[in-house]
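Q: Before I ask anything, let me first share the structure, which is written out below as structure tokens.
Number of protein chains: 4
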Amino acid sequence: MPCGEKSTGGPRTRVVLLRHTPDPDRVCAAAAASCYSASPASAIDPRLTPEKMSRTIHNAVGRGHHSVLEHAVFTFSLEGVSRAMTHQLVRHRVASYSQQSQRYVRFDTPGYVTPPEVASRPAAKEAFDRAVSDAWAAYSKLVGLGVPEEDARYLLPNAATTNITVTMNARELLHVFGLRLCLRAQWEIREVAQLMLDEAVKVAPAIFEGSGRPCSGGPCPEGAEDCPLYPGPWGPKEG
Amino acid sequence: MPCGEKSTGGPRTRVVLLRHTPDPDRVCAAAAASCYSASPASAIDPRLTPEKMSRTIHNAVGRGHHSVLEHAVFTFSLEGVSRAMTHQLVRHRVASYSQQSQRYVRFDTPGYVTPPEVASRPAAKEAFDRAVSDAWAAYSKLVGLGVPEEDARYLLPNAATTNITVTMNARELLHVFGLRLCLRAQWEIREVAQLMLDEAVKVAPAIFEGSGRPCSGGPCPEGAEDCPLYPGPWGPKEG
Amino acid sequence: MPCGEKSTGGPRTRVVLLRHTPDPDRVCAAAAASCYSASPASAIDPRLTPEKMSRTIHNAVGRGHHSVLEHAVFTFSLEGVSRAMTHQLVRHRVASYSQQSQRYVRFDTPGYVTPPEVASRPAAKEAFDRAVSDAWAAYSKLVGLGVPEEDARYLLPNAATTNITVTMNARELLHVFGLRLCLRAQWEIREVAQLMLDEAVKVAPAIFEGSGRPCSGGPCPEGAEDCPLYPGPWGPKEG
Amino acid sequence: MPCGEKSTGGPRTRVVLLRHTPDPDRVCAAAAASCYSASPASAIDPRLTPEKMSRTIHNAVGRGHHSVLEHAVFTFSLEGVSRAMTHQLVRHRVASYSQQSQRYVRFDTPGYVTPPEVASRPAAKEAFDRAVSDAWAAYSKLVGLGVPEEDARYLLPNAATTNITVTMNARELLHVFGLRLCLRAQWEIREVAQLMLDEAVKVAPAIFEGSGRPCSGGPCPEGAEDCPLYPGPWGPKEG
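Protein sequence lines, in the order shown, are assigned to chains A, B, C and D. First residue of the first sequence: 0, per numbering that gives the first Met the number 0; consecutive thereafter. First residue of the second sequence: 0, per numbering that gives the first Met the number 0; consecutive thereafter. First residue of the third sequence: 0, per numbering that gives the first Met the number 0; consecutive thereafter. First residue of the fourth sequence: 0, per numbering that gives the first Met the number 0; consecutive thereafter.
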């Protein structure tokens, strides 16, 4: 299966494109063209030339006719990500999620994500690792004392890893990429968004080429004065 | 492309399954299993036996864990349906639509759906056909007088045919089938829902087998006293 | 109840603001401020000065932090609008609708909307009125022949009036106003959107002041080349 | 402001009903009635007798015509709840959330929720309190070392308290109450759901009376065999 990985100091984050609508660019273009045609999408679909297909997608994206991009749907398996990240991710409501449960799964050994800002400072890294280790020891102790896993997990840190299956259509993905690839977005969700985009663009180039940060290095569309032009662990996207 | 048709007196209604998530039963089962597992969906996906897959889907549907069914997504092209029907259909909000525009497409010849209750009564049928023909003549006259199509179409009847591309996930489809296959549902949307179900069950049997009317011939879950047990043009589903 | 009206040649279109979240500007500002505060919204709410409230809303809107505007919700009763208009309106999915049913209500006398492009041309107006009248006569004839209302209504034109109750939050309203007040939007939904905005801005000035067409007379954000700068029946918004 | 509280061992959980649609029962009843009437909702609204209003709501809920309940909207401030709880809560997608940010707010002193299953076991309680205290000490140490708050918070436990403003309509609330008041639901979200219901029923009795657990002590609608009939901290709802 196609996937991308990043090692973030702790276990590896993996993003796997588990499924997607076959020929996603084409179905969106056919749906878009059918709005202005006597013919239905099923008749237009096999007839579209590659040029016409690209132009139709390009026009739809450029003109704000984004609803046609909803016919292309992508399912990702996000693995080894932190619950700090997923708590942000699941705020995107036009999407479907199935997440590993901390109520029903027992976590016997520590699995956690270490932020680059921590990993790059030896004293911080040491304190971080020890604190995580202590949290897991306390979790195990509580379970040993008869506390249900779903209550013992109140001690697990935001850094704890989780797996989550995510289904989003291309319109929502473009929206998420615009927000989460911004240099001011939280680093882990930015990393995950980039891995998702890397996979999506391979199978739907007409839709996703050129997508990403809304600024493209120009003035911030949000008028931000606090943009991290030199954002430490990541560096400018171009650099 | 797989499709189903019904002739309703006017032009043919066609329902084409244009795209769907590959192997839809399996991806939903993998996502469901990953919630209770140390393994992510990408690892579970290739390992699921057919029996385990069916049982997982069956449990998810039976226990109300419906969110896992959202990872399977289906795109239909509905063709030659009436705008009376689509005005109802688009009220289902957890779905994506691209519809043929009456603002931008000129309709030179009448295309319309005739209700079975009209088609079965010769006097009604004659009045119906004449009225539709008159409406189209007036539409064409207005266009000839320089009225924009988008305004002339105020005269077109609810019966006028349209094409619409619809994307829904399996959870929403089950919800729609439950509502719209009910014998008290409006006949045309019931017909379209049945054609959609006929296609969906072929590619996702574990999800859709047994779906349909919620009553299954038993007492009405809505407590209705006006259920058409002998609903004329359709007959009981079992009959 | 606060309301606005427009006469469009046929019966009067009325837009009534039926309900709204009390003190809508304030609750959104309190929710926004609580994201960056040790205090919860219930503590911030009574303490916000008018200046701080306006500034918080202004920043949220300007910076793209639009989710906080979802806490202000508005319920409108749209009356005497055409089904051509409502078929477009209900495509906005982040909203709640309750619409007068053509299945269960019998329409004994013609009620319809006449487009300005028709009303302004005497020959077109005459043809339009006659066609509508004929459609209603045929509808009544079918009902008299025993055809159910829900089937006879296949003859009713797009112009037929309907009533619909609509609930939307402020974020979605801003989105709808941006799309539907555009001079290229269909005239009737533009008219209704303007009447809705006129009511909303009275009770939530901080949120809605300055909202409306995204172009404000500048270059089209959609890159349109067909903008009706002199759109006939309406005239430029500024004029 | 109307509110309810529960002490869960740590800081107090508070649920404040911050805003709601005025006269929520009535607006839903008027919208429901308008679907079957020649009159619009604005005309029906002031005319409804209390009996007619109750009966209309009762019929809508009983018959599955739930969409009319979407016109009544409620905004709650949930305070002192754990992030374990909010990660579940925000999975309900037909709702609006504004949550206290762990990226932008510094948490100098421990604020956390203690599960009853922990609080009732002295040894577990001691280990829990110490683990939380250690986590906060490590968080503060990282911040002192120059690690940004948004990264130091990777150490904060699921038990950490947060504030969140939640807006939901009555239809979604009924859905959430059905799921989350189930005795098998996680204890904290069950507690919060009960406090929300306690407030909602005061202002919308016709909608919310009788809502709650779907089982009402009868057989489980999910066919569960693991229902905690004696669920410790809560006891059966009836008991």
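Idealized CB from N, CA, C, for every residue including glycine.
Check whether the Cβ atoms of B:Ala134 and C:Pro156 lie closer than 8 Å to each other.
A: Position 135 of the second sequence holds residue 134 of chain B. Position 157 of the third sequence holds residue 156 of chain C. A contact, by the Cβ cut-off of 8 Å.
Q: Look at the Cβ atom of B:Ser66, then the Cβ atom of A:Ser95, and state whether they are nearer than 8 Å.
A: Taking the first residue of the second sequence as 1, we reach residue 66 of chain B at position 67. Taking the first residue of the first sequence as 1, we reach residue 95 of chain A at position 96. Their beta carbons are under 8 Å apart, which means B:Ser66 touches A:Ser95 by this criterion.
Q: Since D:Phe106 and D:Val117 should fall inside the 8 Å C-beta cutoff, what is the C-beta to C-beta distance between them, to a whole number of angstroms?
A: Numbered from 1 along the fourth sequence, position 107 holds the residue referred to as residue 106 of chain D. Numbered from 1 along the fourth sequence, position 118 holds the residue referred to as residue 117 of chain D. Going by Cβ atoms, the distance from D:Phe106 to D:Val117 rounds to 21 Å, so no, they are not a contact pair.
Q: My understanding is that B:Asp240 touches B:Ala205, with C-beta atoms under 8 Å, so please give their C-beta distance in whole angstroms.
A: As displayed, chain B neither begins before 0 nor continues past 238, which places residue 240 of chain B out of reach and without an answer.
Q: Return helix, strand or coil for B:Glu192, following the three-state DSSP convention.
A: Stepping through the second sequence from its first residue, residue 192 of chain B is reached at position 193. Note that residue 192 of chain B is Ala in the sequence shown, not Glu. Correct three-state label for B:Ala192: helix.
Q: Quick check on this structure: which residue in D:His19, D:Arg189, D:Cys27 and D:Val112 has the alpha carbon closest to the alpha carbon of D:Ala47?
A: Within the fourth sequence, the letter at position 48 stands for residue 47 of chain D. First, the amino acid is wrong: residue 47 of chain D is Leu here, not Ala. Just measuring C-alpha positions, the residue of D:His19, D:Arg189, D:Cys27 and D:Val112 sitting nearest D:Leu47 is D:Cys27.
Q: Could you tell me the alpha carbon to alpha carbon distance between D:Leu88 and B:Ser139, rounded to whole angstroms?
A: The residue given as residue 88 of chain D occupies position 89 in the fourth sequence. The residue given as residue 139 of chain B occupies position 140 in the second sequence. Taking the straight line from one Cα to the other gives about 55 Å.
Q: In three-state terms, what does DSSP make of B:Gln87?
A: In the second sequence, counting from the first residue as 1, residue 87 of chain B sits at position 88. Residue state, collapsed to three classes: helix.
Q: Please state the DSSP three-state secondary structure of B:His174.
A: For this step, residue 174 of chain B is matched to residue 175 along the second sequence. Helix, per DSSP.
Q: Would you mind telling me which residues of chain D sit closer than 9 Å to C:Val67, beta carbon to beta carbon, in chain order?
A: One-based indexing of the third sequence puts residue 67 of chain C at position 68. Those within 9 Å of C:Val67 in chain D are Ser95, Ser97 and Thr164.
Q: By DSSP's criteria, A:His19 is part of a beta bridge. Which residues make up the other side?
A: Mapped onto the first sequence, residue 19 of chain A falls at position 20. In DSSP, A:His19 forms a bridge with A:Phe73.
Q: According to DSSP, is A:Pro114 helix, strand or coil?
A: In the first sequence, the residue the question calls residue 114 of chain A occupies position 115. A:Pro114 falls in the coil class under three-state DSSP.
Q: Grouping DSSP H, G and I as helix and E and B as strand, with all else coil, what is A:Asn157?
A: On the first sequence, residue 157 of chain A is found 158 positions in, with the first residue counted as 1. Of the three classes helix, strand and coil, the one that applies to A:Asn157 here is coil, per DSSP.
Q: Of all the options B:Arg102, B:Tyr103 and B:Ala158, which has the alpha carbon lying nearest to the alpha carbon of B:Arg129?
A: Position 130 of the second sequence, counting from 1, holds the residue named residue 129 of chain B. Checked all of B:Arg102, B:Tyr103 and B:Ala158; the closest Cα to B:Arg129 is B:Ala158.
Q: Tell me the DSSP secondary structure of B:Arg11 in three-state form.
A: As a working mapping, residue 11 of chain B is identified with position 12 in the second sequence. The answer is strand: DSSP assigns B:Arg11 an E or B state.
Q: With a cut-off of 8 Å on the beta carbons, I'd call D:Thr85 and C:Glu69 a contact; round off their distance for me.
A: Looking up residue 85 of chain D in the fourth sequence gives position 86. Looking up residue 69 of chain C in the third sequence gives position 70. With a Cβ gap of about 17 Å, D:Thr85 and C:Glu69 do not count as contacting.
Q: Might you give, ordered along the chain, the residues of its own chain that have their beta carbon closer than 6 Å to the beta carbon of B:Phe207, omitting 5 neighbours on each side?
A: By 1-based counting over the second sequence, the position of residue 207 of chain B is 208. Answer for B:Phe207: Ala199 and Val200, listed in chain order.
Q: Which same chain residues, not among the five before or five after B:Ser97, have their C-beta less than 8 Å away from its C-beta?
A: Counting from one through the second sequence, the residue named residue 97 of chain B turns up at place 98. Excluding sequence neighbours, B:Ser97 sits near Ile163 and Thr164.
Q: Whose CA, out of A:Arg92, A:Ala71, A:Ile56 and A:Val15, lies closest to the CA of A:Val175?
A: Here the question's residue 175 of chain A lines up with position 176 in the first sequence. Selected option, being the one with the closest Cα: A:Arg92.
Q: Counting only Cβ-Cβ distances shorter than 8 Å, please list the residues of the segment 17 to 43 of chain B near chain C, keeping chain order.
A: none
Q: Assign A:Glu198 to one of three DSSP states: helix, strand, or coil.
A: On the first sequence, residue 198 of chain A is found 199 positions in, with the first residue counted as 1. Helix at A:Glu198.
Q: According to DSSP, simplified to helix, strand and coil, what is B:Ser38?
A: Within the second sequence, residue 38 of chain B is the residue found at index 39, counting from 1. Of the three classes helix, strand and coil, the one that applies to B:Ser38 here is coil, per DSSP.
Q: If I follow the unbroken beta strand (DSSP E) through C:Tyr96, where does it start and stop?
A: Against the third sequence, residue 96 of chain C aligns to sequence position 97. Here the beta strand (DSSP E) through C:Tyr96 covers Ser95 to Gln98.
Q: Just the Cα atoms here: how many angstroms apart are D:Cys34 and B:Val15?
A: Counting from 1 along the fourth sequence, the entry for residue 34 of chain D is found at position 35. Counting from 1 along the second sequence, the entry for residue 15 of chain B is found at position 16. Straight-line Cα distance between these residues: approximately 33 Å.
Q: Along chain C, in chain order, which residues have C-beta atoms closer than 8 Å to that of B:Arg152?
A: Locating residue 152 of chain B in the second sequence gives position 153, where the first residue counts as 1. Those within 8 Å of B:Arg152 in chain C are Ala83 and Asn157.
Q: How far does the alpha helix (DSSP H) with A:Ala122 in it reach, from first residue to last?
A: Residue 122 of chain A sits at position 123 when you count from the first residue of the first sequence. Looking at the DSSP string, the run of the alpha helix (DSSP H) that includes A:Ala122 is Pro121 to Gly143.
Q: Flag this pair as yes or no: are the beta carbons of D:Arg72 and C:Val202 separated by less than 8 Å?
A: In the fourth sequence, the residue the question calls residue 72 of chain D occupies position 73. In the third sequence, the residue the question calls residue 202 of chain C occupies position 203. The identity of residue 72 of chain D in the sequence shown is Val, whereas the question assumes Arg. Not a contact, by the Cβ cut-off of 8 Å.
Q: Beta carbons nearer than 7 Å to chain C: which residues of the segment 49 to 80 of chain D have them?
A: Ser66, Val67, Glu69, His70, Val72, Thr74, Ser76 and Glu78
Q: Quick one: does B:His86 have its CB under 8 Å from some CB of chain C?
A: For this step, residue 86 of chain B is matched to residue 87 along the second sequence. Yes, contact with chain C.
Q: Only counting the same chain, and skipping five residues up and downstream in sequence, which positions put a Cβ closer than 8 Å to that of B:Ala30?
A: As a first step, residue 30 of chain B must be located in the second sequence, where it is residue number 31. These residues qualify, in order along the chain: Ala40, Val67 and His70.
Q: Using 8 Å as the limit for Cβ to Cβ distance, is A:Tyr103 near chain B?
A: Mapped onto the first sequence, residue 103 of chain A falls at position 104. True, the Cβ-Cβ gap to chain B drops below 8 Å.
Q: Does DSSP put A:Gly231 in a helix, a strand or coil?
A: Translated into the one-based positions of the first sequence, residue 231 of chain A becomes position 232. Note that A:Gly231 scores a pLDDT of 33, beneath 50, so its modelled location is shaky and nothing firm can be said.
Q: Any beta carbon of chain A sitting closer than 8 Å to that of B:Ser100?
A: Start at 1 with the first residue of the second sequence, and residue 100 of chain B comes out as number 101. It does; some Cβ of chain A falls within 8 Å.
Q: What does the alpha-carbon distance come out to for the pair B:Ile188 and C:Arg90?
A: Locating residue 188 of chain B in the second sequence gives position 189, counting from the first residue. Locating residue 90 of chain C in the third sequence gives position 91, counting from the first residue. Between B:Ile188 and C:Arg90, the C-alpha separation is close to 17 Å.
Q: Does the separation of the CB atoms of A:Arg102 and A:Glu148 fall below 8 Å?
A: Your numbering for residue 102 of chain A matches position 103 in the first sequence. Your numbering for residue 148 of chain A matches position 149 in the first sequence. Yes, they are a contact pair.
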